[in-house]
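Enquirer: If you scroll down you'll find the structure; I have some questions about it.
Numbering (the working numbering), first residue to last: 1 to 185.
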């Protein structure tokens, strides 16, 4: 059991039958009255964020989230197929569950499949990927004074903004959390 006084960012708990992750916490000691802990909690199943306060003595059981490395095999209509590379077990997940998680992931790349009590609730792509630019407008010298960007399409079909000097065929490094261009690969 974890008491509210021991809360830390990133800890996953089970509160009122919900599996939540602590995004932010703050210990508050008002001049009058008892101390309390103010938190911002994210429901890991549906993604909802809620603010809530607790007494420092309240205790909650930790939630065990299983993260398994799996290989993304292929998409078949609305189903995305993954394989555990150790046991060779395959699972097919619905597009509602996968969402935008695979917009920067090519076939045969590794992702983390997150589950709670055997129920898969999300896919975590690698933090950084290297992809090739397949479509973009040419940038012209002298278009701007500083830091202009243009839209580009990468080989998975996703859109990102890149600097003017990036051309078709260039390999770029992308942060999958922010869809941000990091540099040439």
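Note that beta-carbon positions come from the ideal geometry of N, C-alpha and C, so glycine has one too. Computed from a prediction, not measured in an experiment: that's the story for all the values here.
Thinking C-alpha only, which one of 59, 90, 68 is nearest residue 74?
Expert: Indexing the chain shown from 1 puts residue 74 at position 74. Ranking the options by Cα distance to residue 74, first place goes to 90.
Enquirer: Tell me whether the stretch 94-107 and the stretch 121-128 touch, counting them as touching only if at least three CB pairs, one residue from each stretch, are closer than 8 Å.
Expert: yes
Enquirer: Go ahead and pull the three-state DSSP assignment for residue 4.
Expert: In the chain shown, counting from the first residue as 1, residue 4 sits at position 4. In the structure shown, residue 4 sits in a helix (DSSP, three-state: H, G or I).
Enquirer: In this structure, what does DSSP give as the bridge partners for residue 124?
Expert: In the chain shown, residue 124 corresponds to position 124, counting from 1. Paired residues: 112.
Enquirer: Note down, one range per segment and in chain order, each beta strand (DSSP E) of at least 3 residues found wholly within the stretch 45-120.
Expert: 49-54, 65-76, 79-84, 90-94, 110-116
Enquirer: Which complete beta strand (DSSP E) runs does the stretch 2-41 hold, if anything under 3 residues is left out?
Expert: 12-15, 18-28
Enquirer: Answer yes or no: the CB of residue 178 versus the heavy atoms of the ligand FMN, is any distance below 7 Å?
Expert: No copy of the ligand FMN appears in this structure; indeed no ligand is present at all.
Enquirer: Please classify residue 138: does DSSP put it in a helix, a strand, or coil?
Expert: As a working mapping, residue 138 is identified with position 138 in the chain shown. Correct three-state label for residue 138: coil.
Enquirer: With a 10 Å radius around its C-beta and 16 neighbouring C-beta atoms as the bar for buried, classify residue 168 as buried or exposed.
Expert: By one-based count along the chain shown, residue 168 stands at place 168. With fewer than 16 Cβ atoms within 10 Å of its Cβ, residue 168 is classed as exposed.
Enquirer: According to DSSP, simplified to helix, strand and coil, what is residue 177?
Expert: On the chain shown, residue 177 is found 177 positions in, with the first residue counted as 1. The DSSP-derived three-state label of residue 177 is coil.
Enquirer: Rounded to the nearest angstrom, what separates residue 162 and residue 138 at their Cα positions?
Expert: Looking up residue 162 in the chain shown gives position 162. Looking up residue 138 in the chain shown gives position 138. Distance between the alpha carbons of residue 162 and residue 138 is about 11 Å.
Enquirer: Do you know how far the Cα of residue 63 is from the Cα of residue 115?
Expert: Within the chain shown, numbered from 1, the residue matching residue 115 stands at position 115. Within the chain shown, numbered from 1, the residue matching residue 63 stands at position 63. Between residue 115 and residue 63, the C-alpha separation is close to 11 Å.
Enquirer: Hey, quick one: how far does the beta strand (DSSP E) through residue 161 stretch, first residue to last?
Expert: The sequence position of residue 161 within the chain shown is 161, counting from 1. Looking at the DSSP string, the run of the beta strand (DSSP E) that includes residue 161 is 159-163.
Enquirer: With contact counted as at least three CB pairs below 8 Å, one residue from each stretch, are the stretch 26-35 and the stretch 74-83 in contact?
Expert: When C-beta atoms of the stretch 26-35 are compared with those of the stretch 74-83, fewer than three pairs fall below 8 Å, so the two segments do not count as touching.
Enquirer: What separation, rounded to the nearest whole angstrom, lies between the Cα atoms of residue 180 and residue 55?
Expert: On the chain shown, residue 180 is found 180 positions in, with the first residue counted as 1. On the chain shown, residue 55 is found 55 positions in, with the first residue counted as 1. Roughly 40 Å separates the two Cα atoms.
Enquirer: Please state the DSSP three-state secondary structure of residue 156.
Expert: Stepping through the chain shown from its first residue, residue 156 is reached at position 156. In this structure, residue 156 counts as coil in the three-state DSSP scheme.
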